[in-house]
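Beneath this line is the structure, given in structure tokens, with notes to follow.
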Amino acid sequence: MFSSIVLVTRDSTRALLLSSIVSASVTAASGAHAQSARDTALDPIVVTASRLAQPQTDALPFTTVISAEEIRSSQAVDLPTLLRREAGIQFTQNGGIGQSSGLFVRGAETRQTLILLDGVPLTKQDATGTVSIEHLMLDQIDHIEIVRGNVSSIYGSSAIGGVIQIFTRRGDGPPRISAEVEAGSRGTTRVAAGLTGSTGATGDALRYAITASHFGTGGFSSLNPAQVPAANPDRDGYRNSSVSGSLSKDFGQDHQVGANFSATRGSFDFDSSFGDPTDVHTGKTDVGTAAVYTQNRFTENWSSRLTYSQSRDKNANHYDTSFGITDDRYRSSTRMLQWTNEIVLTPDWKATAGIERQWQSLSTDDGFGDLLDVSRNASSVYAGVEGKRGDHQLQVNVRHDRIDRVDSASTGYIGYGYLLSPRWKAIASIATGFAAPPLGYLYSPGFGNPDLKPERSRSAEVGVQYAWQGSLMRAALFDTRTRELLQYDPVTNLFGNVARARNRGLEVSASTVLAATTLRASLTLQDPRDEASDTRLRRRAQVLGSLAAGRSFGVWQVGGDVGITGSRPDGGAALPAYALANLNTAYRLADSVELYGRVDNLFDRTYQTATGYNQPPRGFFAGVRWQQ
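Here's what the structure looks like:
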């Protein structure tokens, strides 16, 4: 079944890199008896895999967690830089930080992976359908949960590839103030500050948190003039200002009300492959969320949460060209009312049920007189149950979505786990899913198609998990088929349900502490294909891998990571395979002060993730952190 995947390792250099990563993964698993001294050795509680709080090792969908400590130690600045080190995740970017990005989880289309920010879905209804994740900076983020695979029956449309849930910082305990300053190559600067804490006794606590940051870089030319002579060879800079906050109040042990928000503005220069080398293009994107909620425990066995939220993605581009000056814009917004319930059936079994109502809207102006202002509603009902009996574990989810002007869909998930021993567990699952066409696909002037149908998918997965004393390894064989795939059809000049896709492969993720060294490794071998034409899907690699290591030596901490990405087709071009290495170090000057530095792209590799678009050369960065 997976013979076509194995063939991609024939290149000797790539095979050597792969064997190193696989060996690291096996070593991590076989050496898992070592007791970790880290706080992260404890089995973290996750909520994304089933909507129910559970230890990560109990999650049947393939779930990983990036903790606050791991984010800090990585010294990554933005979300794409951090996530591309994770199993099964691949990014494309039209230039450097802040430039337009694409995300593939298990080879799925960018719009087929759901991004949640504190439970609020980030959506973009324009003709790209891709959320502006390139503007999400890590200063605002506490931790991240990643669920791979088809979980549409839990989260609805756009969760065929998986779900990435981002949690911002929350307050608890005495007031804590933090600040950070960083500078480096290409005129890069970053400043951030935050305050978290709580007041009041248990049952009457008021929790608060606020974080603000600013990032700027002079950048480099996004397009390579040698490949695209029409591109302006000037540097394409980027500026980002972000703020997030939360406030909650307890009313006794069983009731809480709260609110949270986030706001990000990214301002960027960008290149175009059309026009003259003297043309100047600039843009501005605003991404934001806001939510209010009440969380209540009505009985010993029944808990409920009612949330009203809104997310928005707004963009404006300015074109100063030899043909004149034009501007275009779009605004995409989703409001959602959600009621979720958790019911404890027995000490070992829990159920969840809920309803959602969404109001989605899109307005655009292409600068040439074509205007669009459309909206639609979506209603959903879902339920699930999960629990254990002896060595057996089961999770079942069902969901029904009805989307105005599109269609309705019923989806399901069945996951089963069997404890082979205290350390080993076998896992299998099947699932169905769907993805509704964005409003821009349906109604954009000139190429929208109001007759589009939702994409449909079905998935199967079998795997094994090893967990012991803070070490964790999980390997899975997966197979996902998608029909009615949405693509632009050059024959009709409209969007259409014109393709079928299939991706099958092997995914491995491992983490442990071995000889006082923290290790994380991942490997993905996959075969993402367009079944209609029997060709590989555009820009998807068949081989992805990463290895990260870190160790403390008294007041010093050193770390590094290496990642490989296999060759990828991109239209009529082929993007060659590449390997990137990064190094970082930190020095604890005092209990509350830390100096740090890193080298990105250590060997100054030249590579591209989209044909013609440059990626960052080697860069040197240093900074200081202070935390009360």
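Note that our numbering has the sequence shown beginning at 2, numbered continuously upward. Beta carbons: idealized from backbone N, C-alpha and C, even for Gly.
A contact between stretches requires three or more CB pairs, one per stretch, nearer than 8 Å, and the segment 285–292 meets this requirement with the segment 262–277.
Glycine 217 is not a Cβ neighbour of aspartate 237, given a cutoff of 8 Å. The continuous stretches of alpha helix (DSSP H) do not include leucine 421, and DSSP gives it neither H nor E. Residue burial is scored here from C-beta neighbours: alanine 516 has fewer than 16 other C-beta atoms within 10 angstroms and is therefore classed as exposed. DSSP, read as helix, strand or coil, puts threonine 111 in helix. Note on geometry: alpha-carbon atoms of alanine 587 and phenylalanine 496 lie some 50 Å from one another. For serine 274 against glutamine 311, the beta-carbon gap comes to about 35 Å, at or over 8 Å, which does not count as contact. Around leucine 139, the same chain offers Ile72, Ala77, Val78, Asp79, Leu80 and Leu83 as residues with beta carbons nearer than 8 Å, after the five sequence neighbours per side are excluded.
Under the three-state reduction of DSSP output, leucine 80 falls in the helix class. In this model, arginine 403 and glutamine 339 are separated by some 15 Å (Cα to Cα). For threonine 412, the closest of Leu372, Asp605, Asp371 and Ser460 by C-alpha to C-alpha distance is Ser460. In the three-state scheme derived from DSSP, where H, G and I count as helix and E and B as strand, arginine 73 is classed as helix. Per DSSP, the beta bridge partners of histidine 282 are Phe271 and Tyr320. When DSSP reads this structure, proline 570 sits in a beta bridge with Ala575.
Annotation for isoleucine 211: Leu196 and Gly246 place their beta carbon closer than 6 Å to its own, counting only its chain and skipping 5 residues before and after. Take the alpha-carbon of glutamate 181 and the one of phenylalanine 269: they are about 23 Å apart.
When secondary structure is reduced to three states using DSSP, threonine 335 falls in the strand class. DSSP, reduced to helix, strand and coil, places aspartate 237 within a strand of the structure shown. In the displayed model, glutamine 558 falls within a strand according to three-state DSSP. Asparagine 602 is positioned such that its CB atom lies no closer than 8 Å to that of arginine 626.
With contacts defined as CB atoms closer than 8 Å, glycine 506 and leucine 61 fail to qualify as a contacting pair. Inter-residue distance for glutamate 462 and tryptophan 557 is about 42 Å (C-alpha atoms, whole angstroms). Secondary structure of glutamine 628 (DSSP, three-state): strand.
The C-beta separation of glycine 163 from arginine 149 comes to about 4 Å, placing the pair in contact by the 8 Å criterion.
For alanine 54, DSSP records no beta bridge to any residue. Straight through space, the alpha carbons of asparagine 225 and proline 234 are spaced by roughly 8 Å.
In the three-state reduction of the DSSP assignment, arginine 187 falls in the helix class.
Looking at Asn378, Ala231 and Ala352, the one whose alpha-carbon comes closest to that of aspartate 277 is Ala231. A distance below 8 Å between beta-carbons, with the five flanking residues on each side excluded, links isoleucine 46 to the following residues of its chain, in chain order: Ala54, Gln55, Pro56 and Gln57. Taking a contact to require three or more Cβ pairs closer than 8 Å, the segment 119–130 and the segment 552–569 do not qualify as touching.
Rounded to whole angstroms, threonine 518 and serine 445 show a C-alpha spacing of 53 Å.
In this structure arginine 85 does not touch glycine 464 by the C-beta definition: roughly 22 Å separates them, more than the 8 Å allowed. Just so you know, the alpha carbons of proline 348 and arginine 377 end up roughly 42 Å apart. Nearest to arginine 298 by C-alpha distance, out of Gln257, Ala291 and Arg569, is Gln257.
Between proline 577 and the set Arg569, Leu584 and Asn583, the nearest pair of CA atoms involves Arg569.
With respect to threonine 607, aspartate 571 sits apart: the two C-beta atoms are not nearer than 8 Å.
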